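Per our numbering, the sequence shown starts with residue 61, numbered consecutively. Where a beta carbon is used, it is the ideal one built from N, C-alpha and C, also for glycine. Being a predicted model, the structure only gives us computed values, none of them experimental. See below for the structure under consideration.
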Amino acid sequence: MNRKYEEKVNDENLSRVIDKIIKSTKIIDMHTHLFPIQFEELCLAGIDDLLNYHYLIAEAMRWIDIPYDEFWSLTQENRSELIWNYLFAENSPLSEAATGVITILNEMGISIKNKDLNNIRKQFRGIDKHEYISRILDVTGVEKIVMTNDPLDERERELLLKECDPDPRFLYSLRLDKLINNWADSVNSLNKMGYKVNVEIDPATIKEVCRFLIDWISKLNPVYIAISLPYAFDFPDETFRTTLFKECLLPICQEVNKPVALMVGTKRSVNPKLRLAGDALGNAKLDSIEYLCTNYSDNKFLVTMLSRENQHELTVLARKFRNLMIFGCWWFLNIPKIVDEITRIRFELLGTSFIPQHSDCRVFDQLIYKWKHSLEIIKNILIEKYEVLIAKGWPLSESDIKNDINQLLRQNFIDFVNL
Ligand code: RAT
Ligand code: ZN
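See the structure below:
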């Protein structure tokens with residue numbers, strides 16, 4: 061920044077300066093479930109996709125008194141109507157996911173008069189998806205979106221293998237949940253794809269899994285290799301997972317210099333009848349992360365955890381290891397109260413050397429509320445922290461603030477993954 065034109069920051073203009081800088085910083089959204097338009101039905105946008113978000117389904121099914129199977133047999137539109145009815149019309153949309161929908165409608169200039177879903181649908185009709193997505197990226201300041209790409213998902217693999225012009229706004233991440241958490245089922249899929257593997261992980265199988273990883277890393281050039289892990293994750297232990305980590309994932313990631321993203325703390329399928337909405341969380345032990353950071357010091361780990369109780373310990377661990385970058389307020393933690401708490405803990409223990417948020421969006425429009433709500437919290441914390449410095453006579457310039465916000469919203473990620 062040209063210092064000649066930069067504003068001197070003081071108590072009076074602090075809030076405005078931070079606001080201006082946040083609005084002009086191009087965000088890298090480092091974990092989403094979004095796909096570009098070329099991914100056909102996987103690219104979700106608009107009111108019916110929004111209402112069918114699994115966060116809202118879990119909330120609505122507390123009210124909707126029909127059997128789960130019956131709910132799933134309805135059309136997507138009919139499900140939206142039920143969800144709208146219970147979470148927006150009959151009761152107020154107070155939960156974070158429900159308020160999020162209202163934020164989106166507001167920001168996009170959609171009238172919510174009379175809480176009339178059909179009228180809202182009418183306003184979405186005829187919107188060109190290409191233009192709509194560009195408009196959302198524009199409004200939110202998101203420059204790059206990291207997808208979640210699992211080649212063991214048949215439909216996704218089909219789309220990944222289709223030759224098309226890649227959309228430069230999207231980056232790949234290679235997701236290995238099926239491979240590593242569900243080895244027995246993956247054996248079949250890998251064999252079908254031409255990788256000769258056995259259930260017992262023998263040396264030939266290890267070689268083939270490594271070949272699979274190298275093939276997909278070469279094809280996608282992912283920014284990191286990711287896996288979500290149960291709260292009971294224990295490394296090393298006697299499971300297939302440990303063998304796959306030790307013999308395949310960690311050495312290959314080291315060889316290609318890609319970070320491993322570990323998302324720890326899931327308790328999957330607590331209520332399978334809710335499908336994607338049926339997962340919960342548990343408290344994890346951080347010893348395994350410490351073990352990995354210590355014993356695999358040439359690997360880099362991006363880590364987020366799902367339990368609130370794990371956050372302080374995780375932040376302390378990040379003080380000890382340069383190869384550990386903590387990120388995001390994940391899933392059930394992405395509610396204002398907890399985002400505020402976690403972000404404060406991180407600032408107070410790490411300064412600006414962390415990645416405060418990712419969106420985890422599944423529907424494009426969600427970028428609007430997920431980023432708007434989080435940035436508001438980050439902004440307010442920053443205002444408080446800078447006020448303390450200003451009060452002590454610290455000379456704070458606009459470019460100092462710009463540098464800090466740039467680190468938080470993009471550069472820490474860029475540097476860690478070598479983008
Ligand atoms: O937040 C979510 O949408 C969850 O369903 C999960 O997808 C989680 O973010 C994950 O990546 O496993
Ligand atoms: Zn996710």
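Note that the segment 278 to 291 touches the segment 234 to 242; at least 3 beta-carbon pairs, one per stretch, sit closer than 8 Å. Within the segment 225 to 303, complete alpha helix (DSSP H) segments of at least 4 residues are found at 237 to 241, 243 to 252, 263 to 280, given in chain order. Three or more beta-carbon pairs separated by less than 8 Å are not found between the segment 331 to 338 and the segment 364 to 376, which leaves the two stretches without contact. The segment 413 to 445 is shown to contain no whole alpha helix (DSSP H) run of 4 or more residues.
The DSSP assignment places 320 to 327 as complete runs of the beta strand (DSSP E) inside the segment 301 to 334, in order along the chain (cut-off: 3 residues).
For a cut-off of 8 Å, the C-beta gap from Gly254 to Tyr291 is around 35 Å, too long to register as a contact. Going by beta carbons, Ile405 and His372 fall inside the 8 Å limit. Counting along the chain, the unbroken alpha helix (DSSP H) around Val161 starts and ends at 156 to 167. Here the distance from the Cβ of Asp464 to the nearest heavy atom of the ligand RAT is not below 7 Å.
Contact check for His190 and Ile261: beta-carbon distance about 45 Å, past the 8 Å limit, so the pair fails to qualify. DSSP places Leu142 inside the alpha helix (DSSP H), whose first and last residues are 136 to 144. When distances are taken from the beta-carbon of Leu336 to the heavy atoms of the ligand RAT, the shortest one is below 7 Å. DSSP, read as helix, strand or coil, puts Ser194 in helix.
With 16 or more neighbouring CB atoms inside 10 Å of its own CB, Cys313 falls in the buried class. Ranked by Cα distance from Leu309, the options Asp347, Arg328, Tyr356 are led by Tyr356. Ile87 sits in a strand when the DSSP states are folded into three classes. Counting every other CB atom within 10 Å of its CB across the protein chains shown gives Leu221 a total below 16, marking it as exposed.
The DSSP-derived three-state label of Thr354 is helix. Not one heavy atom of the ligand RAT falls within 7 Å of the beta-carbon of Thr364. With a threshold of 16 other beta carbon atoms within 10 Å, Asp358 falls short and is exposed. Every residue with a CB closer than 5 Å to a heavy atom of the ligand RAT is listed here in chain order: Ser288, Trp391, Asp420. Bridge pairing for Thr364: Met323 [DSSP]. Remark: the C-beta of Thr403 is outside contact range of the ligand ZN, defined as less than 7 Å to any heavy atom. Taking C-beta atoms as the reference points, Gly201 and Ile87 count as a pair closer than 8 Å. Assignment of Leu384 by DSSP, reduced to helix, strand and coil, places it in the strand class. Cβ neighbours of Pro153 within its own chain (closer than 8 Å, five residues either side excluded): Leu147, Thr159, Val161, Ile162.
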